[in-house]
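Single-structure report; data block below.
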Amino acid sequence: MERRPIRRLLTALGLLGLCASAQAVTTAKDVQTFTLDNGMKFLVLEDHSIPNANFYLFWKVGSRNEYPGITGLSHFFEHMMFNGAKKYGPKQFDRVMEANGGANNAYTTNDVTVYTDWFPASALETIFDLEADRIADLNLDDKMVESERGVVASERTTGLENSPWRTLGEEVDGMAFRAHPYSWPVIGHESDIQGWKKSDLQAYFDTYYAPNNAVAIVVGAVKVAEVKRLAKQYFEPIPAAEPPRAIHTVEPEQKGERRVFVEKASIRAPHLLIGYKTPASNHPDYYALDMLTTILAEGNSSRLYKALVDSGLATMAGAGYEEHFDPYLMQFYVVAAGEGKTAQIESVLYGEIDKLIKDGVSKEEVQKARSQKLMRFYKQLETINGKANTLGTYEVFFGDFKKMFEAPKAYEAVTAADIQRVAAEYLKKSRRTVGILAAKEE
Amino acid sequence: MKPLRLLAAAALTAVSGMVSAAFELPAHERYQLDNGLTVYLMPQKEVPLVHVRLELAAGAIADGKEHGIAALTADSLLLGSKQYSKGELEAAVDLRGATLRANADLESAHVVAEYLDKDNAAIWPIFVDAVRNPAFPADEVSKLRDRRLQELTLAKQSPRQVIDNYFRGLMYTGSVYANPVTGLESTVKAMDRTAVERFYRQHYQPHSAALIVVGDYDSKVMKKQIQQAFGSWRGERKTAASESAAVPVAVPVTVSEARVLLVDKPDAIETTFYIGGAGVARKHPDYNALTVINTILGGRFTSWLNDELRVNSGLTYGARSQFNAMRGGGLFNITTFTAKANTEKAIDLALSTYQRIWTQGIDEATLSSAKAYVKGLYPPKFETAADLADALAMLHQYGMSKAEFDQYLADVEALTLDRANALARQHLPKDKLQFVLIGNAAEIGAVAAKYGKVSQIDIQQDRFQL
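As you go down the protein sequences, you meet chains A and B in turn.
Those letters in the first sequence? Residues 1 to 442, per our numbering, in order.
Those letters in the second sequence? Residues 1 to 466, per our numbering, in order.
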């Protein structure tokens, strides 16, 4: 969920293959870090390619920290962070930022809430002032809370109106998870969006928006010493808080295939979303699973493209395995080429998976997956925003930004046998949830 | 994609700083081969990537009656060539993590290759053969066509994907600028390799094309490679069809009254709408200044429209406005979406906010903020090799020099308050506005009639204009 209707791909941060040899490209040593007395950590990367900079703030809070009754609050909170604090009242955060040549956005996932500011480097201090004000002294204005409820209701509706995947994804998550908070959509249930109270928001702010629960990343035409000086001046006075309680709920083991059907009259061809329970990002099998996803579905020479799209059964086939703190899903997305084909599509998809489990993958496929990740890595390094987002994601999900630079070795270490093993272990019928969206149930 | 409203001048002066971001398009070399192919070279070393883009005057305005043929032809370039089968091409590209894609928009078609510099020897010949010697295998073209047919119907699941087609249909009735880029089911259904090859022969011509290379390479080597690959490219002789497609002028229909095209989507849970009229062509001397005016009206989060419709009233997730400026002409529109029940409220608020251009005008603080905003966010638009190739493609398409391109920031800086208000009132359509509403017609039909003469069309119908 994003604050603004910008179509932005959350870069699945897989990356890398064999970039160790590349020179002139950013390395771990170029990234400077420091931690303020209140526990707020900063990563700074000087990059003078353009006279601009950015400020990314990763908060370790997302819909996974909610409970029934306040679902969607993390995302709603993301919106409220723009609606006024002590020094800069309602609307002033955006007005001051834009008048200084800057823009911003934010996104919320199941696991994190990320705020992003982009600006001419000369506006650095203004950005620190704005960010520190809302973190230290957010003011939850009653009128703004009510109008923002309408905004989020519209965000939810427009997603359901325009995106079949949003509609279907909510149902698949709800079916796959019955105990863990990944069960509900990031945007929340409609009745919760209408029902939560200002006191719920205040409690959320007090619990999660303490500097020790955040990582800040600054990339661009800045000086590390200056960033440090500003960080101490603006952020260090903000007190730390008791760390939030850990999420202890573990989704009970799934014992058999689950299925869900969703009907929507205007759907012109069935959509299938099939998710298999897979481990969290910090699991040793992460890299092998990421390579497996690529081999199955990235590019026109991938197995699923050939078997499903090239064959005429589907108009698109894709797969995703994204970063999560807790075990989530490897997901397969397929749009059927017309009615009456879903059973065959499922059977072909499972057949491809079984074939991979039985016969393994070729050396060439392993090489191909590494190249595709290397290319993605370089593409992320082309922009200061790509650098900031990737550094932050590694720091938060993998525990250390340096792992971004060590990932090449991690991908190199993945063997064809590893990929075959993780396919066999995780892509089992008993771990899967099948969702189908169509105008009519077949 | 963001909206806002009036700034409190006092609050602003206190905090706004000088915006110092500056940018000019990096130096590049431009030359022509004997066959007329224009080449743009811009070496860039930050990452070891090469981005190659061939820009062709082969967009949907050249479709004729075969709506969608430009798009299908571009797509079909990658189905195999003289030296590489489709399978070989795809395997070679994927093995190196490279990208090879081709597509058409309204005014042009482009073929793009992006790869690691070390893979030049493997990918360049594939790119060249796809452009010069496409095989258009009949079975693969048919498969692709069938997939595109499916996708045409899928697009209608999402109002946002199709609303622009309806608006162009309304504004450019009878003109090639109303052509739906991906075509219609009835026209695409009839296409085969013969039609694709015919379009290719007519419109894939070196004299009107540009080859753009941005990234990590040696210019001397690249020039030689380009000469070898494209020096002998002659193309067919110019035909009447390709000549007429080269510079059509996009003249919107003369509107004598406000009109509403009501597109019925019976299961809609919200209403999506466009409100607009004629705009300006991309090369219009006022275009640069108009981007600042649009920023104020509906081009950023604090723009008038977003501030009213989203921030103040919670009616929508986002409201904005845009100039769609093309080579042959242009359009302007406001757009947003809202829950069915709020349709009238949202349209009324959009209209009254828009009328402030005439009733109230832009004030100095807002103009100054918008200029700072546009300037401050300008350099990041040109960070990647792909961004720079896009900019060079624009130079080619609109016949702009680097100096004209780099005039942008100076034009923004020079815009005075009087001129901003005068240009806004001169170029924005004030009345006889044209509406497209996509939603549940049974529930919003009466509301629609308030704004103009209503015509209704079902979203499932295979057309975008009456």
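All C-beta atoms in this analysis are idealised placements derived from N, C-alpha and C, irrespective of residue type, glycine included.
Note that the structure is predicted; figures quoted are calculated from it, not measured.
Buried/exposed call for residue i, threshold 16 Cβ in 10 Å
| i | result |
| --- | --- |
| aspartate 137(A) | exposed |
| glutamate 263(A) | exposed |
| alanine 269(A) | buried |
| glutamine 360(B) | exposed |
| glutamate 253(A) | exposed |
| arginine 425(B) | exposed |
| methionine 394(B) | exposed |
| glutamine 460(B) | exposed |
| aspartate 142(A) | exposed |
| aspartate 75(B) | buried |
| glycine 351(A) | exposed |
| threonine 254(B) | exposed |
| alanine 70(B) | buried |
| proline 51(A) | buried |
| lysine 429(A) | exposed |
| alanine 21(B) | Low confidence applies to alanine 21(B): its pLDDT is 48, below 50, so where it sits in the model is not reliable enough to give any reading. |
| arginine 229(A) | exposed |
| alanine 319(A) | buried |
Contacting residues, own chain, Cβ-Cβ under 8 Å from residue i (five flanking each side not counted)
| i | result |
| --- | --- |
| tyrosine 305(A) | Ala297, Gly299, Ala317 |
| asparagine 212(A) | Asn38, Gly39, Met40, Ala240, Ala241, Pro243 |
| histidine 207(B) | Asn35, Gly36, Leu37, Gly235, Lys238 |
| lysine 440(A) | Glu263 |
| lysine 198(A) | Leu140, Asp142, Val145 |
Simplified DSSP assignment, three categories, for residue i
| i | result |
| --- | --- |
| isoleucine 187(A) | coil |
| glycine 435(A) | strand |
| lysine 41(A) | strand |
| proline 54(A) | According to the sequence shown, residue 54(A) is asparagine rather than proline. Note: asparagine 54(A) maps to strand in three-state DSSP. |
| methionine 326(B) | coil |
| valine 112(B) | strand |
| leucine 95(B) | helix |
| phenylalanine 464(B) | coil |
| glycine 320(A) | strand |
| alanine 274(A) | Note that residue 274(A) is isoleucine in the sequence shown here, rather than alanine. In this structure, isoleucine 274(A) counts as strand in the three-state DSSP scheme. |
| isoleucine 476(B) | Within the shown structure, residues of chain B are numbered from 1 to 466, placing residue 476(B) beyond reach of any answer. |
| tyrosine 204(B) | coil |
| isoleucine 444(B) | helix |
| glycine 399(A) | coil |
| asparagine 213(A) | helix |
| serine 455(B) | strand |
Chain-order list of residues whose beta-carbon lies under 7 Å from that of residue i (same chain, five-residue window excluded)
| i | result |
| --- | --- |
| tyrosine 200(B) | Thr73, Pro134 |
| phenylalanine 401(A) | Val31, Leu43, Leu391, Tyr394, Glu395 |
| glutamate 323(A) | Leu13, Ser281, Thr393, Phe397 |
| glutamate 170(A) | Pro185 |
Cut-off 6 Å between Cβ atoms - residues of its own chain near residue i, not counting five sequence neighbours on either side
| i | result |
| --- | --- |
| serine 455(B) | Leu261, Leu466 |
| threonine 353(B) | Trp304, Leu305, Glu308 |
| tyrosine 408(B) | Asn288 |
| glutamate 24(B) | Asp406 |
Using a Cβ cut-off of 8 Å, which residues of the segment 262 to 295 of chain A contact any Cβ in chain B, in chain order? Closer than 8 Å at the C-beta level to chain B, one finds these residues of the segment 262 to 295 of chain A: Lys264, Ala265, Ser266, Ile267, Arg268, Ala269.
Using 8 Å as the threshold, is the segment 387 to 398 of chain A in touch with the segment 194 to 206 of chain A, meaning 3 or more CB pairs across them? Counting C-beta pairs with one atom in each stretch, the segment 387 to 398 of chain A and the segment 194 to 206 of chain A have fewer than three that are closer than 8 Å, which means they do not touch.
Whether or not the segment 414 to 427 of chain A and the segment 346 to 360 of chain A are in contact is what I'm after, with contact meaning three or more pairs of Cβ atoms, one per stretch, closer than 8 Å; do they touch? In short, these stretches touch, since the Cβ pair count reaches three.
Relative to chain B, which residues along the segment 373 to 399 of chain A have a C-beta separation below 8 Å, given in chain order? Answer set for the segment 373 to 399 of chain A: Lys373, Leu374, Met375, Arg376, Tyr378, Lys379, Leu381, Glu382, Thr383, Ile384, Asn385.
Quick test of the definition: if touching needs 3 or more C-beta pairs under 8 Å, does the segment 438 to 448 of chain B touch the segment 287 to 305 of chain B? No, because fewer than three Cβ pairs between the segment 438 to 448 of chain B and the segment 287 to 305 of chain B fall closer than 8 Å, the two stretches do not touch.
Cβ contact check for the segment 156 to 166 of chain B and the segment 46 to 53 of chain B: 3 or more pairs under 8 Å: Note that the segment 156 to 166 of chain B does not touch the segment 46 to 53 of chain B; fewer than 3 beta-carbon pairs, one per stretch, sit closer than 8 Å.
Under 8 Å, with one C-beta from each stretch per pair, do the segment 149 to 165 of chain A and the segment 181 to 201 of chain A reach the 3-pair mark? Yes, the segment 149 to 165 of chain A touches the segment 181 to 201 of chain A.
With 7 Å as the limit, tell me which residues of the segment 79 to 107 of chain A have their beta carbon closer than that to any beta carbon of chain B; keep them in chain order. Correct list: Lys91, Gln92, Asp94, Arg95, Val96, Glu98, Ala99, Asn100, Gly101, Gly102, Ala103.
Taking beta-carbon pairs under 8 Å, can you tell me which members of the segment 158 to 191 of chain B lie near chain A? Answer set for the segment 158 to 191 of chain B: Ser158, Pro159, Arg160, Gln161.
Against chain A: residues of the segment 318 to 348 of chain B by CB proximity under 7 Å: Interface annotation for the segment 318 to 348 of chain B against chain A: Gly318, Phe337, Thr338, Ala339, criterion Cβ-Cβ distance under 7 Å.
On the three-pair Cβ rule with 8 Å, is the segment 331 to 347 of chain A touching the segment 183 to 192 of chain A? They do not touch, by the three-pair rule.
Evaluate contact between the segment 119 to 139 of chain A and the segment 231 to 240 of chain A, counting only Cβ atoms and requiring at least three cross-stretch pairs below 8 Å. Contact between the segment 119 to 139 of chain A and the segment 231 to 240 of chain A is present, with at least three C-beta pairs closer than 8 Å.
Indicate whether the contact test is met: 3 or more Cβ pairs, each with one atom in the segment 83 to 102 of chain A and one in the segment 368 to 385 of chain A, closer than 8 Å. The segment 83 to 102 of chain A is not in contact with the segment 368 to 385 of chain A.
If the cut-off is 8 Å on Cβ atoms, which residues from the segment 23 to 56 of chain B count as contacting chain A, listed in chain order? Taken in chain order, the members of the segment 23 to 56 of chain B whose beta-carbon sits within less than 8 Å of a beta-carbon on chain A are Phe23, Lys45, Glu46, Val47, Pro48, Leu49.
Any C-beta of chain B within less than 9 Å: which residues of the segment 319 to 336 of chain A qualify? Result list: Val335, Ala336.
Please confirm if the segment 122 to 142 of chain B is in contact with the segment 78 to 97 of chain B, defined as three or more CB-CB distances below 8 Å between the two stretches. Between the segment 122 to 142 of chain B and the segment 78 to 97 of chain B there are three or more inter-stretch CB-CB distances shorter than 8 Å, so the stretches are counted as touching.
Examine the Cβ distances between the segment 211 to 231 of chain A and the segment 106 to 124 of chain A and report whether three or more of them are shorter than 8 Å. By the C-beta criterion, the segment 211 to 231 of chain A is judged to be in contact with the segment 106 to 124 of chain A, since at least 3 inter-stretch pairs fall below 8 Å.
Could you tell me whether the segment 104 to 114 of chain B touches the segment 218 to 234 of chain B, using the rule of 3 or more Cβ pairs below 8 Å? At 8 Å Cβ cutoff, the stretches do not touch.
Which of the residues in the segment 154 to 175 of chain A, read from start to end, lie with their CB under 8 Å from any CB of chain B? Listed in sequence order: Ser154, Glu155, Thr157, Thr158, Leu160, Glu161, Asn162, Ser163, Pro164.
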